[in-house]
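Protein chains in written order, with full-length UniProt numbering: chain A, 1 to 336; chain B, 1 to 336.
For each residue, glycine too, the CB sits at the ideal point set by N, CA and C.
The structure under discussion appears below in the form of structure tokens.
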DNA sequence: AGATAAAATCTAAACGTTTACATTTAGGGG
DNA sequence: CCCCTAAATGTAAACGTTTAGATTTTATCT
């Protein structure tokens with residue numbers, strides 16, 4: 001196998017200088033049609049593909065944005081990613097995705113790697129919000145957009161959903177149906193989404209004068225297993241809750257499995273609302289009432305903000321978009 | 001904002017030559033402890049991060065593998081990806097993921113981009129199997145591993161599951177329960193998985209002397225919508241099938257929705273088996289019988305093969321791993 | 001045809017690393 | 001204390017682009 005052809009080889013074959021070749025591959029114009037054809041032919045003949053590395057070195061830009069998510073297995077993120085990818089492609093950008101498995105150590109590794117590679121910007125759902133480990137990005141002048149989870153003490157554009165409101169509405173819905181003992185399965189409370197959802201829960205109780213009871217608050221980690229365990233805990237309480245709110249999709253699945261295993265009858269003995277719509281929602285019997293988020297839009301918006309930052313380096317003030325989730329009322333909640 | 005520090009700046013601050021700095025950042029040893037400390041301190045002070053671009057240019061390697069999937073929204077791929085990512089991290093490799101949305105045009109774009117970036121290898125589930133558009137990779141000497149779908153006329157390592165066998169077992173299971181009119185919802189037949197699943201279906205019918213009936217074969221595209229439509233078609237047949245086999249997860253979901261909308265009662269009026277286990281499977285009533293694939297293993301194995309190729313450039317002969325899927329018998333099939 | 005302007009093309013210098021090879025420094029033995 | 005060897009460090013070239021500025025070619029107008 002020959003060594004890979006470079007711009008030099010193309011230039012020689014087409015009998016021009018490398019500068020002219022460069023002009024052609026970058027569509028800069030100012031090249032005679034005849035010359036261009038000759039060069040194009042040479043490129044084709046040699047199978048020349050330009051080296052992004054060399055180009056990046058000169059241009060200091062990569063037309064690449066890095067995306068960091070905490071858990072690629074959570075279907076929420078692939079959908080957000082699809083939104084990002086689509087918008088990025090439209091603008092001629094390329095995306096690279098990495099997952100941290102909710103580990104800050106891995107997140108740091110990825111960030112460093114992204115910087116090494118010279119990404120033009122980063123879209124991140126961070127594993128740890130109060131984290132200095134993202135300062136490096138800012139020091140390097142790399143724009144950041146936080147999506148789904150905001151970042152403390154870092155002045156970055158943010159696209160989130162109104163977690164508090166979404167949860168408030170869900171809990172309110174339950175209260176209005178007569179529920180007073182409502183369990184909530186939380187995510188990691190050092191993440192805004194999890195925290196805000198708990199706030200929404202508390203506020204709804206307060207507004208309707210229902211005493212807050214610590215035993216109904218389960219501390220989960222956004223993984224299926226913790227939803228399962230948490231639900232069993234709730235079940236084993238002397239005064240069982242009559243309704244359960246689960247703070248994310250994966251935990252909802254775990255929770256529902258626990259319900260089945262306990263023979264705790266959904267929609268009859270216990271009402272249920274989950275944050276995030278999931279495939280199973282409409283297949284369950286009864287169908288699941290959920291708080292749904294505009295996931296695709298979240299991604300599209302995130303890229304759009306990032307792109308603006310990349311394009312106009314001038315300091316636009318920080319922007320925060322808060323999208324509204326929607327309570328999709330189906331059948332898993334019953335009067336109590 | 002200062003311009004980013006380079007190795008030169010570090011060298012000056014630490015009062016050494018750039019060669020020594022290079023030795024330190026690459027852990028090559030042969031540097032006096034005292035000097036190393038001085039350099040490390042300088043690196044830290046300046047916030048120096050080496051440029052991958054410049055490095056790649058010299059070394060002609062990136063420690064990066066590119067992963068191409070046809071549909072990031074299909075939960076199958078994120079799980080495979082998780083397997084790849086984990087193994088890659090262990091070996092010090094970094095992965096970049098892109099999704100083609102089943103479009104060959106986009107796939108070509110991505111491939112080109114990967115080459116430009118100098119990925120050391122590619123793991124791909126191609127959108128179009130009989131495709132010359134992957135030859136470029138081979139021409140560039142970039143190792144490829146095909147996962148889930150093989151590639152025609154290209155001599156690459158392959159990791160797939162035994163689609164034919166998996167489907168055969170499913171259909172056999174239905175036949176032994178007395179079903180004779182069995183519908184199948186196929187994926188795009190120019191992909192091996194879809195094709196092989198159809199083959200498995202036909203072979204099972206043949207082995208049990210059940211006549212093949214074209215009207216029970218629905219041509220879908222692996223997307224939810226086609227599963228929905230296909231199922232309605234089957235429902236509208238004069239001689240409705242008594243059982244349905246769906247060739248992938250997304251189409252299963254569509255199919256099940258159609259069942260509900262038609263009031264065609266699952267497990268009673270119609271039996272059902274889907275390829276790939278899905279969240280909803282165990283929540284349905286009755287629970288879904290499925291053909292399950294070892295998705296995580298698929299990814300791990302794929303990276304392993306690729307890594308071997310990258311490490312020992314010598315021409316090991318082509319390898320093909322075919323993993324066995326497993327028929328998980330639950331409740332969605334009933335005697336007929 | 002000659003002068004001039006405009007268009008096309010070329011030359012050469014970066015960009016930030018790695019590394020073969022050259023040079024300096026340190027350490028030990030006599 | 002000097003010499004020799006090994007260890008540590010330095011020098012300089014190369015990797016493949018882009019691009020400013022220099023030069024050549026072409027086209028236009030008298």
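Next item on the list: Quick one: residues in its chain with C-beta nearer than 8 Å to the C-beta of residue 213 of chain B, no 5 flanking neighbours on either side, listed in chain order?
Entry: 181
Checklist line | Proximal residues to residue 211 of chain A (C-beta, below 8 Å), its chain only, five neighbours per side dropped | finding: 205
Margin query: Please classify residue 149 of chain A as buried or exposed, where buried requires at least 16 other C-beta atoms within 10 Å of its C-beta.
Written below: buried
Check: Can you give the Cα-Cα distance for residue 192 of chain B and residue 198 of chain A, rounded to whole angstroms?
Finding: Taking the CA atoms as reference points, residue 192 of chain B sits about 48 Å from residue 198 of chain A.
Check: Ordered along the chain, which non-local residues of its own chain (more than five positions away) have a Cβ less than 7 Å from that of residue 46 of chain B?
Finding: 5, 9, 10, 13
Next item on the list: Spell out the partners DSSP gives residue 186 of chain A in its beta bridges.
Entry: In the DSSP assignment, residue 186 of chain A is bridged to A:219.
Checklist line | Buried or exposed (CB count within 10 angstroms, at least 16 for buried), residue 320 of chain A | finding: With fewer than 16 other Cβ atoms within 10 Å, it is exposed.
Next item on the list: Assign residue 318 of chain A to one of two classes, buried (16 or more other C-beta atoms within 10 Å of its C-beta) or exposed (fewer than that).
Entry: exposed
Checklist line | Neighbour-count burial assignment, residue 316 of chain A, 16 or more Cβ in a 10 Å radius | finding: exposed
Checklist line | Distance between residue 323 of chain B and residue 83 of chain B (C-alpha atoms, nearest Å) | finding: 15 Å
Notebook entry, point to check: Considering only residues of the stretch 18-77 of chain B, which uninterrupted beta strand (DSSP E) runs meet the minimum length of 3 residues and lie entirely inside it, listed in chain order?
Noted result: Note on the stretch 18-77 of chain B: whole beta strand (DSSP E) runs with a minimum of 3 residues are 64-69, in chain order.
Check: Along chain B, which residues have their Cβ under 7 Å away from the Cβ of residue 149 of chain A?
Finding: None at all; the shortest Cβ gap to chain B is about 19 Å.
Checklist line | Cβ pair residue 292 of chain A, residue 325 of chain A closer than 8 Å | finding: yes
Margin query: Going by beta-carbon coordinates alone, are residue 273 of chain B and residue 226 of chain B separated by less than 8 Å?
Written below: no
Next item on the list: Measure the C-alpha to C-alpha separation of residue 169 of chain B and residue 178 of chain A and round it to an integer number of angstroms.
Entry: 50 Å
Next item on the list: Select from the stretch 54-74 of chain B all residues with a C-beta closer than 7 Å to any C-beta belonging to chain A, and list them in chain order.
Entry: 54, 56, 57, 72, 73
Next item on the list: Under 8 Å Cβ to Cβ from residue 255 of chain A, same chain only, skipping five residues before and after it: list those, please.
Entry: 185, 227, 228, 230, 231, 244, 246, 272, 274
Next item on the list: May I ask you to verify whether the stretch 35-54 of chain A touches the stretch 30-42 of chain B, counting CB pairs closer than 8 Å and requiring at least 3?
Entry: no
Margin query: Against chain B, does residue 105 of chain A count as a neighbour if the rule is that its beta carbon must be under 8 Å from one of theirs?
Written below: no
Notebook entry, point to check: In angstroms, rounded to a whole number, what distance separates the CA positions of residue 183 of chain B and residue 133 of chain A?
Noted result: 55 Å
Next item on the list: Spatial neighbours of residue 91 of chain A within its chain, please: CB distance less than 7 Å, with the 5 preceding and 5 following residues excluded, ordered by chain position.
Entry: 307
Note to self: Using a Cβ-Cβ distance cut-off of 8 Å, determine whether residue 256 of chain A contacts chain B.
What the structure shows: Answer yes: the Cβ-Cβ gap between residue 256 of chain A and chain B drops below 8 Å somewhere.
Margin query: Which residues in chain B have a C-beta closer than 8 Å to the C-beta of residue 79 of chain A? List them in chain order.
Written below: 73
Check: Nearest chain B C-beta to residue 117 of chain A closer than 8 Å, yes or no?
Finding: Yes, residue 117 of chain A counts as interfacial toward chain B.
Next item on the list: Step through the CB atoms of chain A and report whether any lies within less than 8 Å of the CB of residue 24 of chain B.
Entry: no
Item checked: Close-in-space but distant-in-sequence residues of the same chain around residue 102 of chain B (CB under 7 Å, 5 per side omitted) -> 70, 71, 127
Notebook entry, point to check: Can a CB atom of chain A be found closer than 8 Å to the CB of residue 8 of chain B?
Noted result: Taking 8 Å as the CB threshold, residue 8 of chain B stays off the interface with chain A.
Note to self: Tell me which residue opens and which closes the beta strand (DSSP E) that residue 320 of chain B is part of.
What the structure shows: Unbroken beta strand (DSSP E) run through residue 320 of chain B: 320-323.
Notebook entry, point to check: DSSP beta-bridge partners for residue 275 of chain A?
Noted result: A:291
Check: Near residue 52 of chain A, which residues of its chain fall below 8 Å by C-beta distance, leaving aside the five closest residues on each side in sequence?
Finding: 62
Check: Are there 16 or more other CB atoms within 10 angstroms of the CB of residue 121 of chain A, so buried, or fewer, so exposed?
Finding: Using a 10 angstroms sphere on the CB of residue 121 of chain A, the tally of other CB atoms reaches 16 or more, which defines it as buried.
Next item on the list: Use the C-beta contact count for residue 238 of chain B: other C-beta atoms within 10 angstroms, 16 or more gives buried, fewer gives exposed.
Entry: exposed
Notebook entry, point to check: For residue 115 of chain A, which of A:282, A:129, A:104, A:144 has the nearest alpha-carbon?
Noted result: Nearest C-alpha to residue 115 of chain A: A:144.
Notebook entry, point to check: For residue 317 of chain B, does the three-state DSSP call read helix, strand or coil?
Noted result: coil
Checklist line | Contacting positions in the stretch 309-320 of chain B - beta carbon closer than 7 Å to chain A | finding: none
Next item on the list: Put residue 106 of chain B into one of helix, strand or coil per three-state DSSP.
Entry: Of the three classes helix, strand and coil, the one that applies to residue 106 of chain B here is helix, per DSSP.
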